[in-house]
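Sequences listed follow chains A and B, in order.
Per our numbering, the very first residue in the first sequence carries number 1; after that it's consecutive.
Per our numbering, the very first residue in the second sequence carries number 1001; after that it's consecutive.
From the three backbone atoms N, C-alpha and C, an ideal C-beta is built for every residue, glycine too.
Shown next, in structure tokens, is the structure this report addresses.
Protein chains: 2
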Amino acid sequence: MSVTIRDVAKHANLSITTVSRALDGYADVAVSTRERVIALAKQMGYAPSSAARQMRRQRTDTIGFVISSLRRDDDSRPFADPFISEFVAGLGDEATHQNIDLLVSVASPNENETNIYRRWVLGRRVDGLIVNRLRERDPRIALLRENNMPFVASGRSDDITSYPFIEMDTQTGFSLITQHLAAQGCKRIAFIGARPDLRLQQDRYLGYLAGLQAAGLSPSPELVEVGDLTRQGGYQAGLRLLVKTPRPDAILGINDMTALGAMRAANDLGLQIGQDIAIAGFDDIDDAQHTQPALTTLRQPVYDIARQLVQMLLDLLRDPTQAPKQIMLQPELKVRASSKFLNPK
Amino acid sequence: MSVTIRDVAKHANLSITTVSRALDGYADVAVSTRERVIALAKQMGYAPSSAARQMRRQRTDTIGFVISSLRRDDDSRPFADPFISEFVAGLGDEATHQNIDLLVSVASPNENETNIYRRWVLGRRVDGLIVNRLRERDPRIALLRENNMPFVASGRSDDITSYPFIEMDTQTGFSLITQHLAAQGCKRIAFIGARPDLRLQQDRYLGYLAGLQAAGLSPSPELVEVGDLTRQGGYQAGLRLLVKTPRPDAILGINDMTALGAMRAANDLGLQIGQDIAIAGFDDIDDAQHTQPALTTLRQPVYDIARQLVQMLLDLLRDPTQAPKQIMLQPELKVRASSKFLNPK
DNA sequence: GTGAAAGCGCTAACAT
DNA sequence: ATGTTAGCGCTTTCAC
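What follows is the structure, encoded as structure tokens:
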């Protein structure tokens, strides 16, 4: 069917060994031979079969990433999450740059995403994995551990002893942004979070509480709503918050998409954002600078984080015994117009 | 290292043949044996090695998609293109659903993306490919053809005889939306396009011209600018257009991102969108409904198209001799507030 | 209903 | 500097 190393060897009157070594650039091949082989291979359209190579080398030169979509219904578009897009872009760019492949899977909420991991891990489909949006006692981590599958994480789980990760200091970040809102004169600062089993919910919520305390404000259950990290979820939660009396004078979203949804809710209720109410988010997605008014947020260098995660994973694959690199980054506060507040009573 | 079929066979006191057949559900295995094997495999954490399977079956159960980023610089975030995200989401969802894997690569502008195709094709890394944003005399298509690599396309190239594709009738669509703008009273309707070698530029530009003609307006080179499908490109082109005298009274973007950029340009110049100037786009990305004012556009069911493309590709893999399915869809005009125009002189 | 054996295409250890 | 050979883990004929 397609051209194999045997065909090339035959045409070159060489053994397949020599062809293999010539193409892989081994030193013990005559220069003239090497050049001849390379030219011939190119001309014949030969490239090593990836399956054969994987089998022989016991290595796939492929890393995997499973996009876990947290929510999908008729109103919210799938995967519209720009955070994930940018993350995937970083993974893809760095993978290409390092000459490895990226296997991507999308786990819809109804299927058991652990199954995808299981298939990839047990079938040695990939050399390693990138994991994000970790949960408490994350079953994926357990699976990877049990099967010795190398992985790096964005954010950390409970047990951080044995794997590399990059994490934003979201707790400090949320404390700072909460204090920023308080400094605008806001007294009733609401928070739209996410499912409590998500690690990021815990960190960010704690940061929010810490920020309130630092500002001398007391927390209230009335001011906390649960979203789902999507614009739609933020919109719904925003509506629930804004009809309460007394009304919140600020809304902090667990991420930018949530904040964008809340902005829309405020808009629909006729409130002037950056005047009647302050709104802020987290991530600094592309849209954040392009809304009217622009969204105050904490910047997370998602693209760079993704690239670095790939590098960390490759380091780990090269030397599995090394101490896991664990990096903590400070998010950067981006103050824009949405967090102004001109109506302090 | 990891558990193979041999290990399972040994534990079960069976030949590897029987284990293989039991797990693959062949009929000629005793029910009791099958159950025993399945239980044992699960308990031992066995799953067939994907590399070995690929090699033996001469099939990868993987399809590929290369994201060709058209532009990357400091101002524009990579991959922020929601069109691509949604497309990838559709591919990923359907692939998962069909139990195959999706290999993704990101081709940065500086590397030769044909190299990625070459590696995948010659190395039989994937069973088939999804291709989009075709160009005139597309070298990728030539490569795929030469090497008998099955593929399906979103949009078509010059030679449409031999491969399946799904295409939007963008020409009709752009004609309609241009006429819609004219019907608002706009007389100087500008168009922000893209590189002329992109197939989509040609179709959409022709549609724009046809729409002008149908509305009794004459085209002017003054009213046409070149962008790059990004928000940033739309912004720059928008600025160039809006400082001209006389000023355009409508801007039609080749896609929504371009239109969004143009909206920002109009905003920056103090123009009221949907009043001083009408703006429209194409795609109906998630953001289109969330801008202020909401963006008039032509809806393209990107997610569904992507899913269907995967199905078409799998059909093609199952029966390579079948006549290529070629589908043409009509985009749906979504009239929103951005295309109002209240200042006809 | 089960097993033996060939072979997918390649790489690497070992020989020459 | 080049060739011989074993074997990666699996599926699939073919034989029993």
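The region 32 to 46 of chain A: which residues have C-beta closer than 8 Å to a C-beta of chain B, in chain order? Per Cβ criterion, the list reads Gly-45, Tyr-46.
Does the CB of Asp-1287/B have a neighbour CB from chain A at under 8 Å? At a cut-off of 8 Å between beta carbons, Asp-1287/B contacts chain A.
Any chain B beta carbon closer than 8 Å to Asp-93/A: Interface flag for Asp-93/A against chain B is set, since a Cβ pair is found closer than 8 Å.
Please return the same chain residues whose Cβ sits closer than 8 Å to the Cβ of Ser-175/A, not counting the five positions on each side in sequence. Once the five neighbours on either side are set aside, the close Cβ partners of Ser-175/A are Gly-207, Tyr-208, Ala-210, Gly-211, Ala-214.
Where the alpha helix (DSSP H) through Glu-94/A begins and ends: Per DSSP, Glu-94/A is one residue of the alpha helix (DSSP H) stretching across 82 to 97.
Indicate the three-state DSSP secondary structure (helix, strand or coil) for Phe-1174/B in the structure shown. Correct three-state label for Phe-1174/B: helix.
In three-state terms, what does DSSP make of Arg-72/A? Summary for Arg-72/A: the model assigns pLDDT 49, below 50, so the residue's position carries little reliability; its value from the coordinates is reported in the next sentence. In the structure shown, Arg-72/A sits in coil (DSSP, three-state: anything other than H, G, I, E or B).
Buried or exposed: Val-31/A, going by 16 or more other Cβ atoms within 10 Å of its Cβ? By the 10 Å Cβ count, Val-31/A comes out exposed.
Among Ile-16/A, Leu-269/A, Ile-254/A, Thr-172/A, whose alpha-carbon lies nearest the alpha-carbon of Ile-285/A? Among Ile-16/A, Leu-269/A, Ile-254/A, Thr-172/A, the Cα nearest to that of Ile-285/A is on Ile-254/A.
Arg-140/A beta carbon less than 8 Å from that of Val-131/A: Against a cut-off of 8 Å, the Cβ pair of Arg-140/A and Val-131/A comes out as a contact.
Enumerate, from N- to C-terminal direction, the unbroken alpha helix (DSSP H) stretches of 4 or more residues contained entirely within the region 172 to 221 of chain A. DSSP runs (the alpha helix (DSSP H)) wholly in the region 172 to 221 of chain A: 199 to 214.
Output yes or no for whether 8 Å exceeds the beta carbon distance between Thr-296/A and Asp-283/A. No; because the gap between Cβ atoms is not below 8 Å, this pair is not in contact.
Looking at the structure shown, is Lys-1010/B part of a helix, part of a strand, or coil, going by DSSP? In the structure shown, Lys-1010/B sits in a helix (DSSP, three-state: H, G or I).
In the DSSP output, which residue or residues are listed as bridge partners for Glu-167/A? Per the DSSP secondary-structure output, Glu-167/A pairs in a beta bridge with Met-328/A.
CA-CA distance, Asp-74/A and Ile-16/A? Low per-residue confidence applies at Asp-74/A: pLDDT is 46, beneath 50, and the placement is therefore not dependable, though the value from the model is reported in the following sentence. For Asp-74/A and Ile-16/A, the distance between alpha carbons rounds to 56 Å.
Count the other CB atoms within 10 Å of the CB of Gln-1275/B; is the residue buried (16 or more) or exposed (fewer)? Gln-1275/B comes out exposed.
Of all the CB atoms in chain A, is at least one closer than 8 Å to the CB of Asp-1127/B? For Asp-1127/B, the answer is no, since every Cβ of chain A falls outside 8 Å of its Cβ.
What are the residues that DSSP puts in a beta bridge with Ser-297/A? Here residue 297/A turns out to be Thr, not Ser, going by the sequence shown. According to DSSP, which records beta bridges pairwise, Thr-297/A is partnered with Lys-334/A.
In the DSSP output, what is Ile-130/A paired with across the bridge? DSSP lists Phe-65/A, Val-152/A as partners of Ile-130/A.
Between the CA atoms of Asp-1169/B and Pro-1331/B - distance to the nearest angstrom: Pro-1331/B and Asp-1169/B: Cα-Cα distance of roughly 7 Å.
Measure how close the beta-carbons of Met-1257/B and Asp-1081/B come, nearest whole angstrom, since I'm counting them as under 8 Å. Contact check for Met-1257/B and Asp-1081/B: beta-carbon distance about 6 Å, within the 8 Å limit, so the pair qualifies.
In the structure shown, what three-state DSSP assignment does Val-1310/B receive? For Val-1310/B, the three-state secondary structure derived from DSSP is helix.
Proximal residues to Thr-18/A (C-beta, below 6 Å), its chain only, five neighbours per side dropped: Closer than 6 Å at the Cβ level, and outside the excluded window around Thr-18/A, lies no residue.
Would you grab the beta carbon distance between Asp-1093/B and Arg-1307/B for me? Rounded to a whole angstrom, and I think it's under 8 Å. Indeed, because the Cβ distance is near 6 Å, the residues count as touching under 8 Å.
List the DSSP bridge partners of Ala-283/A. One detail in the question is off: residue 283/A reads as Asp in this sequence, not Ala. For Asp-283/A, DSSP records a beta bridge to Arg-299/A.
Just list the residues that DSSP pairs Ala-250/A with in beta bridges. Ala-250/A is bridged to Ile-189/A, Ala-278/A.
Are any of the Cβ atoms in chain B nearer than 8 Å to that of Leu-316/A? Taking Cβ atoms only, chain B never reaches closer than 8 Å to Leu-316/A, which makes this a no.
In chain B, which residues lie with their C-beta within 7 Å of the C-beta of Gln-54/A? Correct list: Ala-1051.
Flag Asp-75/A as yes if its beta-carbon sits less than 8 Å from any beta-carbon of chain B, otherwise no. Reliability fails at Asp-75/A, whose pLDDT of 46 lies under 50, so the model's placement of it is uncertain and the value that follows must be treated cautiously. No, its Cβ sits nowhere closer than 8 Å to a Cβ of chain B.
What do you reckon, are the CB atoms on Arg-124/A and Ala-1051/B nearer than 8 Å? With respect to Ala-1051/B, Arg-124/A sits close: the two C-beta atoms are nearer than 8 Å.
Using the beta-carbon of each residue, which ones in chain A are nearer than 8 Å to His-1290/B? Neighbours of His-1290/B on chain A, chain order: Arg-231, Leu-260, Arg-264.
Taking 8 Å as the cut-off, does the region 1314 to 1328 of chain B touch the region 1257 to 1268 of chain B (at least 3 CB pairs, one atom from each stretch)? Output reads no: the region 1314 to 1328 of chain B does not touch the region 1257 to 1268 of chain B.
Close beta carbons around Tyr-1235/B, own chain, < 6 Å, minus the five adjacent residues each side: Excluding positions up to five away in sequence, the list reads Gly-1261, Arg-1264, Ala-1265.
Delimiting residues of the beta strand (DSSP E) encompassing Leu-1269/B: No beta strand (DSSP E) holds Leu-1269/B; DSSP gives it neither H nor E.
Where do the ends of the alpha helix (DSSP H) carrying Ala-142/A lie? Note, Ala-142/A: alpha helix (DSSP H), 139 to 146.
Give a yes or no on whether 8 Å exceeds the smallest Cβ distance from Gly-281/A to chain B. It does not: the Cβ of Gly-281/A has no partner Cβ on chain B nearer than 8 Å.
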